[in-house]
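Since the structure comes first, as structure tokens, the remarks are kept for the end.
Residue numbers (my numbering): 725 to 1090.
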């Protein structure tokens, strides 16, 4: 009986080649899993490509709602920014993928899971540590760290030789990883930390010379720590985030350019966009500052840094991270209120905040 492998599948060149490579190298049956936590494209070409590569089955799932409620929201409550800056859009998606890989492997009675991460990035660690934390019996295959291909051209030739229908187009000079919480932009000339990012590198935000001249006021309502309305219009969490990405992105809000310390021990220059995340994090922090006492707020900042480190390092499914979730979730029932922003030329400035649980006293402040 052949071994079963569940592969985290993107539908791109690397993971499509990985399907056939695993079948040949390991004499295994490959089941693909494709998770959408950003835009949801037409699944038909993805399914066709996976099956043409040799997969016996493919799971294609829209997981934006789970991502928002179980990964984004806890991070928002924790005010988690890696190294005080990065809002961790890519980071938060990896434990979700790891968890679902394990669930499908257990359902399919597979002995192995596989991924398409390289040996230089953070994601290999996040997925492998996540899988091992949830099911240490599963073995992990990482084709990009094992196989013989050294160039994209060699992979394309391999795909053609095995009749894998890859749409070969001009490759972007940038590496992009996008979901509803933001986008990471790497590679190309961005690897030089002295070179300013070209305007064509940005995806979610307008250039400042192309934003509206007139500012815009936007209010965000929170109920028990959850953003529930924009300008008094009630929305579910995912559409609220997507709408705010558009509104804030139109004003060039949410750009970040930083030199980051990767968990694998190297420094990397990273360019990020996170329009909605930037606004919602600022709004939640403003309400928290209005409501809670000094000792709580000062201690929370220490734990926020630790929470971000745990998430970034792939330690999502650990007792300490779960304990911190309990800490940050304990008093979210008090984080109810409204925050008012002014959007203008790259900035989301808080210009008002109110809450029924406010500790602010105008009489004492006067």
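Backbone N, C-alpha and C fix where the C-beta goes; we use that ideal spot for every residue, glycine too.
Check whether residue 978 and residue 928 have beta carbons under 9 Å apart: The residue given as residue 978 occupies position 254 in the chain shown. The residue given as residue 928 occupies position 204 in the chain shown. In this structure, residue 928 lies closer than 9 Å to residue 978 by Cβ.
CA nearest to the CA of residue 908, picked from 735, 814 and 1042: Within the chain shown, residue 908 is the residue found at index 184, counting from 1. Ranked by how close their Cα comes to the Cα of residue 908, the residues 735, 814 and 1042 have 814 in first place.
CB contact flag (residue 882, residue 1040, <9 Å): Numbered from its first residue, the chain shown carries residue 882 at position 158. Numbered from its first residue, the chain shown carries residue 1040 at position 316. No.
Local Cβ density within 10 Å of residue 989, reported as buried at 16 or more and exposed below that: Taking the chain shown and counting its residues from 1, the one referred to as residue 989 is at position 265. Classification for residue 989: exposed.
Contact the region 822-831 vs the region 839-854: 3+ CB pairs below 8 Å: When C-beta atoms of the region 822-831 are compared with those of the region 839-854, three or more pairs fall below 8 Å, so the two segments count as touching.
Local Cβ density within 10 Å of residue 1044, reported as buried at 16 or more and exposed below that: On the chain shown, residue 1044 is found 320 positions in, with the first residue counted as 1. Looking at its Cβ environment, which holds fewer than 16 other Cβ atoms inside 10 Å, residue 1044 is exposed.
Close-in-space but distant-in-sequence residues of the same chain around residue 784 (CB under 7 Å, 5 per side omitted): Residue numbering aside, residue 784 sits at position 60 when the chain shown is read from its first letter. 758, 767, 770 and 771, listed in sequence order.
One or two residues paired with residue 1074 in a DSSP bridge: Taking the chain shown and counting its residues from 1, one reaches residue 1074 at position 350. Answer by DSSP bridge pairing, in chain order: 1065.
Touch test, the region 1046-1064 against the region 936-956, Cβ-Cβ under 8 Å, three pairs minimum: Enough Cβ pairs lie closer than 8 Å, so yes.
Sequence-distant residues of the same chain with beta carbon closer than 6 Å to residue 818, five excluded per side: Within the chain shown, the letter at position 94 stands for residue 818. Correct list, in chain order: 847, 850 and 851.
Reduced DSSP category for residue 828 - H, G, I as helix; E, B as strand; rest coil: Position 104 of the chain shown, counted from the start, is the residue given in the question as residue 828. Of the three classes helix, strand and coil, the one that applies to residue 828 here is helix, per DSSP.
Test item: CB-CB of residue 1011 and residue 1027 under 9 Å: If you number the chain shown from 1, residue 1011 lands on position 287. If you number the chain shown from 1, residue 1027 lands on position 303. No; because the gap between Cβ atoms is not below 9 Å, this pair is not in contact.
Pairwise C-alpha distance: residue 752 and residue 730: Counting from 1 along the chain shown, the entry for residue 730 is found at position 6. Counting from 1 along the chain shown, the entry for residue 752 is found at position 28. In a straight line, the C-alpha of residue 730 is about 10 Å away from that of residue 752.
Neighbourhood of residue 778 by C-beta distance below 6 Å, restricted to the same chain and skipping five residues each side: As a first step, residue 778 is located in the chain shown; it is residue number 54 there, counting from the start. Counting only Cβ-Cβ distances below 6 Å, and skipping sequence neighbours, we find 743, 744 and 747.
Residue 886 versus residue 912: straight-line alpha-carbon distance, rounded: Mapped onto the chain shown, residue 886 falls at position 162. Mapped onto the chain shown, residue 912 falls at position 188. Approximately 30 Å between the Cα atoms of the pair.
At least 3 beta-carbon pairs within less than 8 Å: the region 779-799 vs the region 960-974: yes
Proximity of residue 845 and residue 1077 at Cβ, strictly below 9 Å: Against the chain shown, residue 845 aligns to sequence position 121. Against the chain shown, residue 1077 aligns to sequence position 353. Against a cut-off of 9 Å, the Cβ pair of residue 1077 and residue 845 comes out as no contact.
Rounded Cβ spacing between residue 935 and residue 976 (contact assumed at less than 8 Å): Within the chain shown, numbered from 1, the residue matching residue 935 stands at position 211. Within the chain shown, numbered from 1, the residue matching residue 976 stands at position 252. Rounded, the Cβ-Cβ distance is 5 Å, consistent with contact.
Residue 903: first and last residue of the uninterrupted beta strand (DSSP E) it sits in: Reading the chain shown from its first residue, position 179 is the one you call residue 903. Residue 903 -> beta strand (DSSP E) spans 899-903.
Buried or exposed (CB count within 10 angstroms, at least 16 for buried), residue 924: Working through the chain shown from its first residue, we reach residue 924 at position 200. Exposed, because fewer than 16 other Cβ atoms sit within 10 Å of the Cβ of residue 924.
Environment of residue 875 [buried if 16+ CB atoms lie within 10 Å]: The residue you call residue 875 lines up with position 151 of the chain shown. It counts as exposed.
Inside the region 744-775 only - beta strand (DSSP E) runs reaching at least 3 residues: 752-760
Residue 900 versus 728, 1083, 1073 and 736, residue with shortest Cα-Cα distance: In the chain shown, the residue the question calls residue 900 occupies position 176. It is 736 whose Cα lies nearest to the Cα of residue 900.
Cα-Cα separation, residue 812 to residue 804: Here residue 812 refers to the residue found at position 88 when the chain shown is read from its first residue. Here residue 804 refers to the residue found at position 80 when the chain shown is read from its first residue. Each residue's alpha carbon lies about 8 Å from the other.
Residue 816 and residue 1004 closer than 9 Å at C-beta: For the purposes of this step, residue 816 is taken as the residue at position 92 of the chain shown. For the purposes of this step, residue 1004 is taken as the residue at position 280 of the chain shown. Cβ distance not < 9 Å, so residue 816 and residue 1004 don't count as in contact.
Cβ neighbours of residue 1091 in the same chain (closer than 8 Å, five flanking residues each side left out): Lying outside 725 to 1090, the shown extent of the chain, residue 1091 is not represented and no answer is given.
Residue 942 vs residue 861 beta-carbon contact at 9 Å: Numbered from its first residue, the chain shown carries residue 942 at position 218. Numbered from its first residue, the chain shown carries residue 861 at position 137. The answer is no: Cβ separation not under 9 Å.
Beta-carbon spacing of residue 962, residue 792 below 9 Å: Looking up residue 962 in the chain shown gives position 238. Looking up residue 792 in the chain shown gives position 68. Against a cut-off of 9 Å, the Cβ pair of residue 792 and residue 962 comes out as a contact.
DSSP state of residue 812 mapped onto helix, strand, coil: Position 88 of the chain shown holds residue 812. Coil at residue 812, not helix or strand.
C-beta contact flag for residue 902 and residue 1070 at 9 Å: Numbered from 1 along the chain shown, position 178 holds the residue referred to as residue 902. Numbered from 1 along the chain shown, position 346 holds the residue referred to as residue 1070. Taking 9 Å as the Cβ cut-off, residue 902 and residue 1070 do not qualify as a contacting pair.
Closest by C-alpha distance to residue 870, when choosing among 795, 809 and 741: Along the chain shown, read from residue 1 onward, the residue named residue 870 stands at position 146. Residue 741 holds the alpha-carbon nearest to the alpha-carbon of residue 870 among 795, 809 and 741.
Which of helix, strand or coil DSSP assigns to residue 987: Here residue 987 is taken as the residue at index 263 of the chain shown, counted from 1. Of the three classes helix, strand and coil, the one that applies to residue 987 here is coil, per DSSP.
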